[in-house]
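Reading through the structure tokens given below for one structure.
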Amino acid sequence: MSKTSSVPELHRPRSREIFQQEQPFLSSGFQNVALLSGLVLERGDGCYLTDVDGNRFLDFMAGICVCSLGYSHPAYVAALTEQLGKLTVGSFCTPNRVRLLKRLAEVAPGNLSQTMLYSGGAEAVEAAIRLAKSYTKKFEVLAFWGGFHGKTGGVLGLMGSTFKQHWGPLHPGLYLAPYAYCERCPFKLSYPACGLHCLEFAREVIRLHTTGSLAAILVEPVQGTAGNVVPPPEFLPGLQQIAREHDALLIADEMITGFGRTGLMFGSSHFGVVPDIITIGKGMGSGFPVSGLMSTPDIMQAEPYSKPSAASSSYGGNPLAATAAWITLETIIQENLVENSARVGAYLLSRLLELREKYPFIGRVQGLGLLIGVEFVKDRRTKELLPDQVMQRIFRECLRRGLLSMNYTARYRINPPLVLTESQAEEGVGILDEVCAYVDRELRPHW
Ligand SMILES: Cc1ncc(COP(=O)(O)O)c(C=O)c1O
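Written out as structure tokens, the structure is:
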């Protein structure tokens with residue numbers, strides 16, 4: 005671990021000074037990557053970020069699946085600038101909101117033609133649960149190990165990780181079952197011989213843990229926070245079947261997988277599933293805080309959710325938010341960014357699989373479109389993950405070479421802006437290759 009890098013430290017005196025100025029006033033608990041990188045940013049364009057010292061970074065994280073159009077997209081800047089000068093506040097109907105809602109209805113799976121707009125992801129997922137309760141008149145929810153749906157009280161208990169520890173008591177009526185994370189199957193079974201045992205197990209969780217009042221099954225079509233984990237094709241349809249057996253709704257949390265990220269407009273479509281409700285956010289506004297839920301007119305009528313003011317919020321769908329989401333969706337469609345995500349994502353995946361051939365510490369490499377998971381392991385047989393200390397070294401080595409990427413933990417998530425080109429994908433892979441060679445040479449002998 006002591007070997008120094010073969011490339012010099014970034015020259016960033018201004019960044020260091022400004023970063024230090026902020027520290028005494030910034031609350032702890034801030035996002036890890038912002039603290040680890042020490043970045044002080046001046047601007048962004050396309051897939052690149054530039055810091056206050058003029059260093060440029062290729063961005064493979066896009067604010068964690070947020071910046072779908074890339075930075076400073078001209079159409080986005082123009083639409084928001086124009087709206088800023090006209091009207092920014094209120095829930096009254098505006099032309100851009102109408103454009104947005106119509107477009108959403110066109111691209112949505114099945115008959116999910118009605119939308120309620122919010123500002124944050126957790127807020128939208130909580131609202132989806134309220135809608136499911138309103139429709140089914142039941143109150144229990146099943147979610148999954150490894151799942152992430154936000155940090156607010158109503159969804160904290162649906163988080164399938166240790167993150168929620170010390171924040172009890174949690175909301176009652178929330179249950180968890182294992183996700184189909186086949187690489188690390190908790191039942192130590194192998195797909196497809198397992199016959200999707202996890203589905204049978206979920207049935208048992210509902211039968212034995214709940215009080216028989218299941219309102220919804222909540223699932224990410226591809227688990228983001230868990231490491232961009234793609235389940236096998238039968239998993240989502242199986243969950244939909246289980247939801248039906250219980251007269252419960254299937255809520256697909258498409259916060260990460262929505263709007264082209266996976267190479268289709270919505271992640272659930274890869275699995276031939278039309279959920280009853282989808283939650284949307286992140287890449288939806290390409291950086292503007294806008295989220296929402298979509299469902300059928302029938303479900304949307306359920307009370308009390310549908311009563312006047314019962315489902316709305318102060319900022320949801322305000323003129324700026326609606327404009328940001330509308331121009332983002334419009335640009336995704338006009339510039340064929342869903343197709344770009346599929347094409348460049350497939351290329352990037354194939355290049356990462358080549359790296360896997362070269363470096364024994366690369367484990368699972370899996371992805372859909374520009375949502376790719378790469379695991380860094382000590383040993384492919386035991387699948388033991390590399391410690392954070394090594395990963396943070398890898399992260400810094402990438403940063404020095406001009407790549408900003410989420411490889412500060414061993415469940416490495418790659419999710420660049422949807423405008424990424426093949427040559428930019430190649431540039432990123434080139435840096436990863438160089439860093440992996442360095443790790444192989446200098447670090448691997450010591451772990
Ligand atoms: C799948 C999913 N749902 C919900 C959320 C919560 O979103 P927010 O951070 O906007 O509350 C996230 C955030 O990462 C997410 O990945």
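To convert, take the position in the sequence shown, counting from 1, and add 4; that gives our numbering.
All C-beta atoms, glycine included, are put in the ideal place defined by N, C-alpha and C.
Treat the numbers as computed from the prediction; the structure is a model and nothing was measured.
Nearest to S345 by C-alpha distance, out of L324, L375, H170, G151, is L375. Cβ-Cβ distances below 7 Å link Y122 to A128, A131, S295, G296, S317, G320 in the same chain, with the five nearest sequence neighbours on each side left out; the list follows chain order. In this structure, G125 is the residue among P28, D257, Y442, G125 with its C-alpha nearest to the C-alpha of F292.
Excluding five sequence positions before and after C71, the CB atoms of its chain that fall closer than 8 Å to its own CB belong to G48, D63, G287, S290, G291, P421, given in chain order. Every unbroken stretch of the beta strand (DSSP E) spanning 3 or more residues and falling wholly within the stretch 321-385 is given here in chain order: 366-372, 375-383. Rounded to whole angstroms, M304 and I246 show a C-alpha spacing of 22 Å. Around the Cβ of G267, a 10 Å sphere holds 16 or more other Cβ atoms; the residue is buried. Note that the stretch 234-254 touches the stretch 207-225; at least 3 beta-carbon pairs, one per stretch, sit closer than 8 Å.
Among the bridge pairs identified by DSSP, I68 is matched with none. Collapsing the DSSP output to three states places A256 in a strand. The closest CA to that of V102, considering only I418, P236, T119, T92, is found on T119. In terms of Cα proximity to P12, the closest of L403, G434, R445, T425 is L403. In this structure, V348 lies away from L243, with their beta-carbon atoms at least 8 Å apart. When Cβ pairs closer than 8 Å are counted between the two stretches, the stretch 148-161 is seen to touch the stretch 170-188, the count reaching three or more. Within the stretch 31-60, the runs of alpha helix (DSSP H) that reach at least 4 residues and sit entirely inside it are, in chain order, 36-41. Counting C-beta pairs closer than 8 Å gives fewer than three between the stretch 90-101 and the stretch 257-266, which falls short of the contact rule. Under DSSP, A147 shares a beta bridge with L180. DSSP places L121 in no alpha helix (DSSP H) but in the uninterrupted beta strand (DSSP E) bounded by 118-122.
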